[in-house]
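Accompanying notes for the structure given below.
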Amino acid sequence: MDKNKIKKMVRDGYAEIARTGNSCCSCSSGYSDAEMGSVPEGANLGLGCGNPVAIASLKEGEAVLDLGSGAGFDSFLASRRVGAAGRVIGVDMTPEMIEKAGRNAAKGSYKNVEFRLGEIEKLPVEDGCIDAVISNCVINLSPDKESVFREAFRVLKPGGRMMISDLVLVKDLPPDKKESAKAYVGCISGAINKDEYLSLIRRAGFRDVRIEKEAGYPADDSVASICVRAVK
Numbered sequence: 203m204d205k206n207k208i209k210k211m212v213r214d215g216y217a218e219i220a221r222t223g224n225s226c227c228s229c230s231s232g233y234s235d236a237e238m239g240s241v242p243e244g245a246n247l248g249l250g251c252g253n254p255v256a257i258a259s260l261k262e263g264e265a266v267l268d269l270g271s272g273a274g275f276d277s278f279l280a281s282r283r284v285g286a287a288g289r290v291i292g293v294d295m296t297p298e299m300i301e302k303a304g305r306n307a308a309k310g311s312y313k314n315v316e317f318r319l320g321e322i323e324k325l326p327v328e329d330g331c332i333d334a335v336i337s338n339c340v341i342n343l344s345p346d347k348e349s350v351f352r353e354a355f356r357v358l359k360p361g362g363r364m365m366i367s368d369l370v371l372v373k374d375l376p377p378d379k380k381e382s383a384k385a386y387v388g389c390i391s392g393a394i395n396k397d398e399y400l401s402l403i404r405r406a407g408f409r410d411v412r413i414e415k416e417a418g419y420p421a422d423d424s425v426a427s428i429c430v431r432a433v434k
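Numbering follows the numbering used here, with no gaps: position 67 of the sequence shown is 269.
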């Protein structure tokens, strides 16, 4: 499938989700009731496959980058952890999501969060300014995952870390699902083999790459949900 067609398909699919609030994702959230209730209504669209904030060990004063920030849910959770001295940047390629996240930020009076329109393969973020990169079930949607990891490495400070939740393949997908647009937007057919995924992270320059948690995916036994930690 052509990369530009994939991006348009994903952008259109998530624009519709932003407008309607209806998600095709079958993931369990992993969030506590307190976390779910701490953000503005409409920020959680049920698109995640884990909780990168929970494993990121975010600290007061840190700068955090949320890849594929959607309506802002994980960015808002990160905001509370880094406090007024810290900052959170959310990047998303869908204008409708950026607009929705901005409205949610205003509703919740988040002063240390900003949302930028851009692609995670070419981040609108300067070099070496981020302490922690987080992402929740988004990188599988990219047709150029290697560029995503290289960009994450670029924007991190020395010793900075990447903590991501994502879907990977543990066995081959059936051909009909592999070519399905609906399965791509639903985070399945864009997934790649788990070992290849980890290899791309290492090739980008990261060290100490490890899976913190792995679980089956309820919608398809070809896919697993993993939480990965890596250090620059």
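All C-beta atoms, glycine included, are put in the ideal place defined by N, C-alpha and C.
As the structure is a computational prediction, the values presented were derived from the model and not from experiment.
Residue burial classification, residue i (beta-carbon count within 10 angstroms, cutoff 16)
i	result
alanine 306	Position check: residue 306 holds asparagine in this sequence, whereas alanine was assumed. Asparagine 306 is buried by the Cβ-count criterion.
valine 387	With a pLDDT of 45 at valine 387, under the threshold of 50, the modelled position of this residue cannot be trusted, and the question is left open.
asparagine 253	buried
glutamate 353	buried
arginine 412	exposed
glutamate 323	buried
aspartate 333	buried
aspartate 423	exposed
glycine 392	buried
methionine 238	exposed
Per-residue DSSP class, three states only, for residue i
i	result
leucine 343	helix
proline 326	coil
valine 430	strand
leucine 402	helix
glycine 361	strand
phenylalanine 317	strand
glutamate 416	strand
glycine 232	coil
serine 372	Rather than serine, the amino acid found at residue 372 in this sequence is valine. In the structure shown, valine 372 sits in coil (DSSP, three-state: anything other than H, G, I, E or B).
aspartate 423	coil
asparagine 395	strand
asparagine 253	coil
CB-CB length for residue i against residue j, believed under 8 Å
i	j	result
serine 281	tyrosine 312	5 Å
glycine 285	glycine 263	7 Å
leucine 319	isoleucine 341	Contact flag wrong, Cβ pair sits at about 18 Å.
leucine 325	lysine 434	The Cβ separation is near 14 Å, so there is no contact.
glycine 292	alanine 308	14 Å between Cβ atoms; not a contact.
Neighbourhood of residue i by C-beta, 6 Å cutoff - its chain only, sequence neighbours within 5 removed
i	result
arginine 356	Asp329
methionine 365	Pro254, Ile257, Ala258, Ile336 and Arg431
lysine 415	Cys429
cysteine 251	Cys229, Cys339, Ser367, Leu369 and Ser427
arginine 283	Leu260
lysine 384	Confidence at lysine 384 is low in this model, with a pLDDT of 49, below 50, so the placement of that residue should be treated as unreliable; the coordinate-derived value is given next. Taken in chain order, the list of residues that qualify is empty.
7 Å CB neighbourhood of residue i in its chain, flanking five on each side removed
i	result
alanine 417	Ala426 and Ser427
aspartate 410	Ala432 and Val433
arginine 404	Val411
tyrosine 233	Asn253
Nonlocal neighbours in the same chain, by C-beta distance under 8 Å from residue i, ignoring five residues either side
i	result
valine 241	Gly274, Phe275, Phe278, Leu279, Asn306 and Gly310
glycine 361	Val433 and Lys434
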